[in-house]
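Novice: Just so we're aligned, residue 331 is where the sequence shown starts under my numbering, counting upward by one. Idealized CB from N, CA, C, for every residue including glycine. Everything numeric in this text was worked out from a predicted model, so none of it was measured. Here you go, one structure.
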Amino acid sequence: MICCCYNMDATTTNYSKAWYEKSFKEVSTYLKKVGYNPDEIPFVPISGFEVDNMIERSTNLDCSKGPSLLEALDLISEPKRPTDKPLHLPLQDVYKIGGIGTVPVGRVSTGLIKPGMVITFGTIG
331 MICCCYNMDA
341 TTTNYSKAWY
351 EKSFKEVSTY
361 LKKVGYNPDE
371 IPFVPISGFE
381 VDNMIERSTN
391 LDCSKGPSLL
401 EALDLISEPK
411 RPTDKPLHLP
421 LQDVYKIGGI
431 GTVPVGRVST
441 GLIKPGMVIT
451 FGTIG
(Lines of atoms letter the chains of each structure in order from A and count residues from 1; the text may use other names and numbers.)
(Lines give C-alpha, C1' and ligand atoms only; values in the text may rest on other atoms or scores of the structure.)
Protein backbone atom coordinates (compact mmCIF):
# COMPACT_ATOMS: atom_id res chain seq x y z
CA MET A 1 0.00 0.00 0.00
CA ILE A 2 1.15 3.52 -0.79
CA CYS A 3 -0.57 6.67 0.49
CA CYS A 4 -0.34 9.71 -1.78
CA CYS A 5 -1.09 13.24 -0.65
CA TYR A 6 -1.99 14.76 -4.00
CA ASN A 7 -2.73 18.27 -5.31
CA MET A 8 0.21 19.59 -3.32
CA ASP A 9 0.54 22.35 -5.93
CA ALA A 10 -3.05 23.61 -5.45
CA THR A 11 -3.55 27.19 -4.29
CA THR A 12 -4.96 25.98 -0.95
CA THR A 13 -1.96 23.78 -0.19
CA ASN A 14 0.83 25.48 -2.18
CA TYR A 15 3.41 22.81 -1.29
CA SER A 16 2.78 23.46 2.41
CA LYS A 17 4.68 21.26 4.86
CA ALA A 18 1.96 21.93 7.48
CA TRP A 19 -0.74 20.68 5.06
CA TYR A 20 1.23 17.54 4.32
CA GLU A 21 1.88 16.84 8.01
CA LYS A 22 -1.81 17.39 8.87
CA SER A 23 -2.86 14.98 6.10
CA PHE A 24 -0.20 12.47 7.17
CA LYS A 25 -1.44 12.57 10.77
CA GLU A 26 -5.13 12.15 9.83
CA VAL A 27 -4.47 9.26 7.45
CA SER A 28 -2.10 7.58 9.94
CA THR A 29 -4.79 7.71 12.63
CA TYR A 30 -7.31 6.11 10.28
CA LEU A 31 -4.86 3.43 9.13
CA LYS A 32 -4.17 2.46 12.76
CA LYS A 33 -7.92 2.14 13.41
CA VAL A 34 -8.34 -0.31 10.54
CA GLY A 35 -5.32 -2.41 11.51
CA TYR A 36 -2.39 -1.09 9.46
CA ASN A 37 0.97 0.09 10.77
CA PRO A 38 1.58 3.55 9.23
CA ASP A 39 5.33 3.17 9.81
CA GLU A 40 5.37 0.44 7.16
CA ILE A 41 3.46 2.47 4.53
CA PRO A 42 5.17 5.06 2.32
CA PHE A 43 3.47 8.48 2.36
CA VAL A 44 4.21 10.33 -0.87
CA PRO A 45 3.26 13.97 -1.48
CA ILE A 46 2.65 14.51 -5.20
CA SER A 47 1.39 16.93 -7.81
CA GLY A 48 -0.02 15.17 -10.85
CA PHE A 49 -0.42 18.43 -12.76
CA GLU A 50 3.20 19.46 -12.24
CA VAL A 51 4.41 15.82 -12.12
CA ASP A 52 6.20 16.69 -8.87
CA ASN A 53 7.50 13.70 -6.90
CA MET A 54 5.88 11.22 -9.26
CA ILE A 55 8.87 10.07 -11.31
CA GLU A 56 11.76 11.76 -9.51
CA ARG A 57 12.10 13.40 -6.10
CA SER A 58 11.03 17.04 -6.27
CA THR A 59 12.67 19.98 -4.54
CA ASN A 60 9.19 21.53 -4.29
CA LEU A 61 8.16 18.70 -1.98
CA ASP A 62 10.93 18.60 0.58
CA CYS A 63 8.26 18.18 3.29
CA SER A 64 8.78 14.43 2.89
CA LYS A 65 12.08 12.61 3.10
CA GLY A 66 10.49 9.51 1.57
CA PRO A 67 10.63 8.19 -1.97
CA SER A 68 8.97 9.50 -5.12
CA LEU A 69 5.85 7.64 -6.24
CA LEU A 70 7.81 5.62 -8.82
CA GLU A 71 10.45 4.72 -6.22
CA ALA A 72 7.72 3.67 -3.76
CA LEU A 73 6.14 1.46 -6.44
CA ASP A 74 9.53 -0.13 -7.15
CA LEU A 75 9.92 -0.95 -3.43
CA ILE A 76 6.76 -3.08 -3.33
CA SER A 77 7.70 -6.73 -3.21
CA GLU A 78 5.63 -9.38 -4.92
CA PRO A 79 3.61 -11.36 -2.41
CA LYS A 80 4.66 -14.95 -1.81
CA ARG A 81 2.30 -17.27 -3.63
CA PRO A 82 0.98 -20.13 -1.45
CA THR A 83 2.12 -22.85 -3.87
CA ASP A 84 2.61 -25.32 -1.00
CA LYS A 85 -1.17 -25.43 -0.36
CA PRO A 86 -3.74 -27.54 -2.23
CA LEU A 87 -5.00 -26.21 -5.54
CA HIS A 88 -7.85 -23.73 -5.18
CA LEU A 89 -9.07 -22.25 -8.43
CA PRO A 90 -12.39 -20.39 -8.13
CA LEU A 91 -14.06 -20.30 -11.54
CA GLN A 92 -15.02 -16.92 -12.92
CA ASP A 93 -16.72 -18.16 -16.06
CA VAL A 94 -16.97 -21.09 -18.48
CA TYR A 95 -16.83 -20.59 -22.25
CA LYS A 96 -17.84 -23.02 -24.97
CA ILE A 97 -15.54 -22.33 -27.90
CA GLY A 98 -16.25 -24.06 -31.21
CA GLY A 99 -13.40 -26.29 -32.36
CA ILE A 100 -11.74 -26.09 -28.94
CA GLY A 101 -14.36 -27.15 -26.40
CA THR A 102 -15.30 -25.99 -22.93
CA VAL A 103 -12.82 -23.52 -21.42
CA PRO A 104 -13.03 -22.73 -17.70
CA VAL A 105 -11.66 -19.34 -16.66
CA GLY A 106 -10.47 -18.50 -13.15
CA ARG A 107 -7.51 -17.47 -11.03
CA VAL A 108 -5.31 -19.82 -9.02
CA SER A 109 -5.52 -18.57 -5.43
CA THR A 110 -3.47 -21.39 -3.85
CA GLY A 111 -1.47 -24.30 -5.19
CA LEU A 112 -0.25 -24.46 -8.76
CA ILE A 113 -1.06 -25.87 -12.17
CA LYS A 114 1.59 -27.32 -14.45
CA PRO A 115 1.31 -28.20 -18.14
CA GLY A 116 -0.11 -31.68 -18.60
CA MET A 117 -1.92 -31.78 -15.24
CA VAL A 118 -5.47 -33.11 -15.29
CA ILE A 119 -7.83 -30.90 -13.29
CA THR A 120 -11.38 -31.89 -12.34
CA PHE A 121 -13.89 -29.20 -11.39
CA GLY A 122 -16.81 -29.81 -9.07
CA THR A 123 -19.45 -27.94 -7.13
CA ILE A 124 -19.29 -27.00 -3.48
CA GLY A 125 -22.02 -28.23 -1.16
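Contact between the region 386-401 and the region 363-378: three or more CB pairs below 8 Å?
Specialist: Judged by Cβ distances under 8 Å, the region 386-401 makes contact with the region 363-378, as three or more pairs qualify.
Novice: Three Cβ pairs or more, each shorter than 8 Å: is that satisfied between the region 377-391 and the region 402-412?
Specialist: No, because fewer than three Cβ pairs between the region 377-391 and the region 402-412 fall closer than 8 Å, the two stretches do not touch.
Novice: Just to check my reading of the structure: residue 421 and residue 338 have Cβ atoms closer than 8 Å, yes? What is that Cβ distance to the nearest angstrom?
Specialist: In fact, because the Cβ distance is near 44 Å, the residues do not count as touching under 8 Å.
Novice: Where do the ends of the alpha helix (DSSP H) carrying residue 354 lie?
Specialist: That run of the alpha helix (DSSP H) goes 347-363.
Novice: Per DSSP, which one or two residues make a beta bridge with residue 410?
Specialist: Paired residues: none, contrary to the question.
Novice: Determine the direct distance from the alpha carbon of residue 425 to that of residue 358, and round the result to whole angstroms.
Specialist: Looking at the two C-alpha atoms, the distance is approximately 45 Å.
Novice: If you reduce the DSSP assignment to three classes, tell me which class residue 368 lands in.
Specialist: Reduced to three states, the DSSP call for residue 368 is helix.
Novice: Thinking just about the alpha-carbon of each residue, which of 355, 438 and 379 is nearest to the one in residue 368?
Specialist: With distances taken between Cα atoms, residue 368 lies closest to 355.
Novice: Which of the three DSSP states, helix, strand or coil, is assigned to residue 440?
Specialist: Note: residue 440 maps to strand in three-state DSSP.
Novice: Go through its chain and collect everything with a Cβ distance to residue 331's Cβ below 8 Å, but skip five positions before and after it.
Specialist: Hits under 8 Å: 366 and 371.
Novice: Can you tell me whether DSSP reads residue 392 as helix, strand or coil?
Specialist: The answer is coil: DSSP assigns residue 392 none of H, G, I, E or B.
Novice: Ordered along the chain, which non-local residues of its own chain (more than five positions away) have a Cβ less than 8 Å from that of residue 364?
Specialist: Contacts found: none.
Novice: Based on the DSSP secondary-structure assignment, which residues constitute the bridge partners of residue 431?
Specialist: BP columns for residue 431 point to 427.
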